[in-house]
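Under my numbering, the first residue of the sequence shown is numbered 8, with each subsequent residue one higher.
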Amino acid sequence: MAKTGDYAKTYAEWQADPEKFWMAASDQIHWYKKPSKALFDDKAPFYEWFSDGLTNTCYNAVDRHVDNGRGAQAALIYDSPMTQSCETVTYSELQSRVASLAGALRSKGVTKGDRVIIYMPMIPQALEAMLACARLGAVHSVVFGGFAANELAVRIDDAAPKAIIAASCGLEPNRVIAYKPLVDEAIALAQHKPEFTIMFQRDTLKADLRQGYDFDWQLLKDETPDAECVPVEGNHPAYILYTSGTTGAPKGVIRHTGGQLVALNWTMKNIYNVDAGDVFWAASDVGWVVGHSYICYGPLIHGNTSIVFEGKPIGTPDAGTFWRVVRDHKVKVLFTAPTAFRAIKREDPKGALIKDYDISSLKALFLAGERADPDTIEWAQDRLNIPVIDHWWQTETGWGIAANPLGIEPLPVKIGSPSVAMPGYDIRILDEAGHEVPAGELGAIAIKLPLPPGTFPNLWKSENRFKSSYLDHFPGYYETGDAGIKDADGYLYIMARTDDVINVAGHRLSTGAMEEVLSAHPDVAECAVIGVSDPIKGQVPLGLMCLNAGTTRAHEDIVQDVIRDVRTKIGPVAAFKCACIVKRLPKTRSGKILRATMVKIADCSDFKVPATIDDPAVLDQIAQALGDLGYAKN
């Protein structure tokens, strides 16, 4: 492993001998039986890592820190503006809680390989449930708490879980969501019937339990002995995480145990530059991949203190909440989605609330989840005076494909770029025929196989879909579904999903480039540019913008400003002549803007309301705005 201060050397070491590189990284993990080698390619393109080793995720994330004398260190800090409460859980306490819950699961027949669905809000018990499954070698599938019953039923039928672990309710700023009725309805809708449920009763709202089928979390734990960690193979599935599929049927991304342990542990120091004991906060949710990798597993495997935050960037109670959490818990690194900072920026454009808090502990801000527009990055840089790092990865990869590796060598930040490829990723920009394009030219982003440890080796019960979705288009490569460019220095620029590269009168144009222009306008808080059908040009761009709080300028003037700016900065070829102001953009709960759905509304195409949508009512507002522009009309 290269010494800190030399990204090029580290990347070259990986390129020269990937086997040696990843075996060295695996030495940082506890193995009951060390793997004989890193890469197992006998089933290509279904590559596996550390397959014949024996290990346990829970032991690496919890027990080994206790065994190494660090049991008194905080493992989790639960901070909930929703309940006005805060709780610290040490590694010793976490070990006791997880071993007890694992014992309860074991008493009901859950063993290695069984699936368990976890349907919980952002509370420590959600992580305890994940770790308890890992302790037994059971395969968990976390479903975002509050998901609609029919969507939960789809996941029940696909994963065929032996049990469901749920909480009695989830809390939103202005409402309480009862989970038990949703779980009951999902089980009724599903063809597969779980054998039992375990319900964590929250004080805000208790659930009625059916005798003999629904078991009280605490009572069941009290009645059963603790369970020890079960050694599992390196290629044993740690979890299934469902991500949206283009057909509407969710895709079950699998994460293997050994690869995840090695890769996530490697990233904590090399990418995020945190040491054991440092406080790391991923402001996300355990229902998403960020919550798996960087609320639960990554920080705990590496011996960090992880923040479990039940709240929102604004409204709980205001746009200063993030700064209060950083101050109270001395957070060293914050990782969140660009949409969270756009919301903060919209409510507090000057960043005045930052001055109310001592956030001197914060050394870096990492952004991921969707494109981090330059205006948002510059806003954060100017007000925080720390490195603001955009990095790029996907549910499928589980960790950063491209990043600025602060723990190896802080590289110059290029606004609009998530920086450079991480070891393990050989990134190429390809044309439709699969040929590499010159530097600076837009193309499809693909990664040469094999993917590194910690990425997905397959989809759950769907090898054919794995190949057709990711491998068939560019043989020998993983197709990311994103479009972008790579400059002469090797910096990557993610311009759009390949679906969002629009064809205007034969010119391939990036909607992301246009969004950068719109978001740079001083009155624009966030925006989206979509390609809508046009009888002459094939497609034309259309912009939708949300304004900063306190903006008083006429909407028509702002629209004319951005039309002029796009013409100036991108050119008349973009044919950008249409934009409007909206109150909100439709998003998933993880903050991704639903551009494809808006395109279908504009073009009057049939569409399914995405299961992950934050607020379906926003779609009606978008349809009205598009209708006023002459779109969304049959």
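Where is the CB? At the ideal position from N, CA and C, for every residue including glycine.
contact_flag[the segment 271 to 288, the segment 296 to 305] where n(CB pairs < 8 Å) is 3 or more: Yes, since at least three Cβ pairs between the segment 271 to 288 and the segment 296 to 305 fall closer than 8 Å, the two stretches touch.
Cut-off 8 Å between Cβ atoms - residues of its own chain near V524, not counting five sequence neighbours on either side: Excluding residues within five positions, the ones whose Cβ falls inside 8 Å are V569, D572, V573, K576 and I577.
Whole-angstrom distance between D292 and G152, CA atom to CA atom: A straight-line Cα-Cα distance of about 10 Å links G152 and D292.
Between the CA atoms of I588 and P244 - distance to the nearest angstrom: If you draw a straight line from the Cα of P244 to the Cα of I588, it is about 46 Å long.
For E179, the three-state DSSP class (helix, strand or coil): Taken through DSSP and simplified to helix, strand or coil, E179 comes out as strand.
Closest residue to K468 among L134, P257, E235 and I124 (Cα-Cα distance): Comparing Cα-Cα distances from K468 to each of L134, P257, E235 and I124, the minimum goes to P257.
Exposed unless 16 or more other CB atoms sit within 10 angstroms - verdict on H442: Around the beta carbon of H442, a 10 Å sphere encloses fewer than 16 other beta carbons of the protein chains shown; the residue is thus reported as exposed.
Cutoff 6 Å; reference I278; Cβ partners in own chain excluding five residues on either side: Excluding positions up to five away in sequence, the list reads G407, A410 and P412.
For S300 and P460, the rounded distance between their alpha carbons: Going from the Cα of P460 to the Cα of S300 covers about 13 Å.
Host beta strand (DSSP E) of S540 (start-end): Segment V531 to D541, the beta strand (DSSP E) holding S540.
C-alpha distance - K106 paired with T402, whole-angstrom precision: It should be pointed out that residue 106 corresponds to Ala in this sequence rather than to Lys. C-alpha separation (whole angstroms): 28 Å.
Proximity winner among A347, I163 and K357, relative to F373 (alpha-carbon distances): Proximity to F373 across A347, I163 and K357 peaks at A347, based on C-alpha coordinates.
For A234 and Y246, the rounded distance between their alpha carbons: Y246 and A234: Cα-Cα distance of roughly 19 Å.
Bridge partners - Q546, DSSP secondary structure assignment: Per DSSP, S540.
Residue closest to E448, alpha-carbon to alpha-carbon, out of I608, R77, L499 and G545: If you compare the alpha carbons of I608, R77, L499 and G545 with that of E448, the shortest gap goes to L499.
Burial state of S92 (16 or more Cβ within 10 Å): Classification of S92: exposed, given that the 10 Å Cβ count is below 16.
Residue environment, S43, which counts as buried when at least 16 other CB atoms sit within 10 Å: Flag for S43 reads exposed.
Through-space distance from R77 to H398, alpha-carbon basis: H398 and R77: Cα-Cα distance of roughly 31 Å.
Residue environment, G265, which counts as buried when at least 16 other CB atoms sit within 10 Å: G265 counts as buried, since no fewer than 16 other beta carbons sit within 10 angstroms of its beta carbon.
Distance CB(V338)-CB(L369) smaller than 8 Å: Between V338 and L369, the CB-CB gap stays under 8 Å.
Every unbroken beta strand (DSSP E) within the segment 276 to 362, with a cutoff of 3 residues, ordered by chain: The segment 276 to 362 contains these whole beta strand (DSSP E) runs: 286 to 289, 312 to 316 and 340 to 343.
L449 CB to nearest heavy atom of the ligand HEM below 7 Å: Among the components of this structure there are no ligands whatsoever, and the ligand HEM is therefore not found.
DSSP three-state assignment for T253, whether helix, strand or coil: Because the pLDDT of T253 is 45, which lies under 50, any placement of that residue in the model is unreliable, and the number read from its coordinates should be weighed accordingly. Looking at T253 - three-state DSSP - the assignment turns out to be coil, as it is neither helix nor strand.
CB of P417 within 8 Å of CB of P394, strictly: Yes, the pair counts as a contact, with Cβ atoms nearer than the cut-off.
Short Cβ contact (8 Å threshold) for G405 with F342: Their beta carbons are not under 8 Å apart, which means G405 does not touch F342 by this criterion.
Exposed unless 16 or more other CB atoms sit within 10 angstroms - verdict on L592: In the assembly as shown, L592 is a buried residue. Its beta-carbon has 16 or more other beta-carbons within 10 Å.
Burial state of Y39 (16 or more Cβ within 10 Å): So Y39 ends up on the exposed side.
Range of the contiguous alpha helix (DSSP H) that encloses R560: R560 -> no alpha helix (DSSP H), and no H or E assigned at all.
Simplified DSSP state of K594, which is helix, strand or coil: Three-state DSSP puts K594 in a strand.
Beta-carbon gap between S540 and E533 smaller than 8 Å: Their beta carbons are not under 8 Å apart, which means S540 does not touch E533 by this criterion.
Close-in-space but distant-in-sequence residues of the same chain around K594 (CB under 6 Å, 5 per side omitted): Apart from sequence neighbours up to five positions away, the residues of its chain that approach K594 with a beta-carbon distance below 6 Å are I600 and D621, ordered along the chain.
Alpha helix (DSSP H) segment containing N471, residue limits: Where N471 is concerned, the enclosing alpha helix (DSSP H) stretches over E470 to F473.
I606 burial status per 10 Å Cβ neighbour count (16 or more: buried): For the record, residue 606 in the displayed sequence is Val; it is not Ile. By the C-beta density criterion, V606 is buried, having at least 16 other C-beta atoms within 10 angstroms.
Inter-residue spacing [alpha-carbon to alpha-carbon] between G177 and T619: CA-CA distance, G177 to T619, rounds to 16 Å.
Own chain, CB closer than 6 Å to P232, minus 5 neighbours either side, in chain order: So the qualifying residues of the chain are G110.
Buried or exposed (CB count within 10 angstroms, at least 16 for buried), A379: Around the CB of A379, 16 or more other CB atoms lie within 10 Å, so the residue is classed as buried.
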